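Residue numbers (our numbering): 6 to 128. Even for Gly, the Cβ is constructed at its ideal location relative to N, Cα and C. In this text the structure is predicted, and so the values were computed from the model without any measurement. Worksheet: the structure to be examined is printed underneath.
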C-alpha cells in the first residue's frame, strides 16, 4: 500500500532567509524523502513561513497558490488529485463443507445412484 504524507502549517521558519536553521530543515526534508511545495512569501511582512510538505513520490499535487488570508498569513491553496480505486464487485460463493459429510450416508447415496445401478443399455 502506498501512503502519501502531508504536513501543512505555519512553521515560523524564515525559509526565504538562508540560515543554519533553514539549511537543517531542508536537509531533514531530503533525509525523509519529502518535498516542500511552497516557494513564495506567505506572510504580510514578506516572509515565507507557511509550508506544505508531501512525500517526494506524491505526483498528484498541483503547484500551490496564495490568496489573501484572514490573519497576518496568506492562505496557501493546493489541489491534490486523489486516485479513486475501481469498485470491487461482490459475488457469492457457495461451497460444501466436506468435513461434515456423513461417510456412510454418502457411500449409500453413490451405490444407489442411477449411474451405478443402471446398465449401459439404460444410459
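For residue i, three-class secondary structure by DSSP
| i | result |
| --- | --- |
| residue 77 | coil |
| residue 30 | helix |
| residue 13 | strand |
| residue 119 | helix |
| residue 103 | helix |
| residue 109 | helix |
| residue 36 | helix |
Environment of residue i [buried if 16+ CB atoms lie within 10 Å]
| i | result |
| --- | --- |
| residue 88 | exposed |
| residue 97 | exposed |
| residue 59 | buried |
| residue 79 | buried |
| residue 47 | buried |
| residue 81 | buried |
Test item: CB-CB of residue i and residue j under 7 Å
| i | j | result |
| --- | --- | --- |
| residue 57 | residue 43 | yes |
| residue 1 | residue 28 | Absent from the structure is residue 1, since the part of the chain shown begins at 6 and ends at 128. |
| residue 45 | residue 13 | no |
8 Å contact criterion, which residue i and residue j should meet: CB distance rounded
| i | j | result |
| --- | --- | --- |
| residue 83 | residue 69 | 4 Å |
| residue 77 | residue 49 | 5 Å |
Cβ of residue i within 7 Å of any chain D Cβ
| i | result |
| --- | --- |
| residue 107 | As a matter of chain content, chain D is missing from the structure shown, which is built from one protein chain. |
**Prompt:** Quick check: the segment 22-40 against the segment 54-74, are there 3 or more CB pairs under 8 Å?
**Reply:** yes
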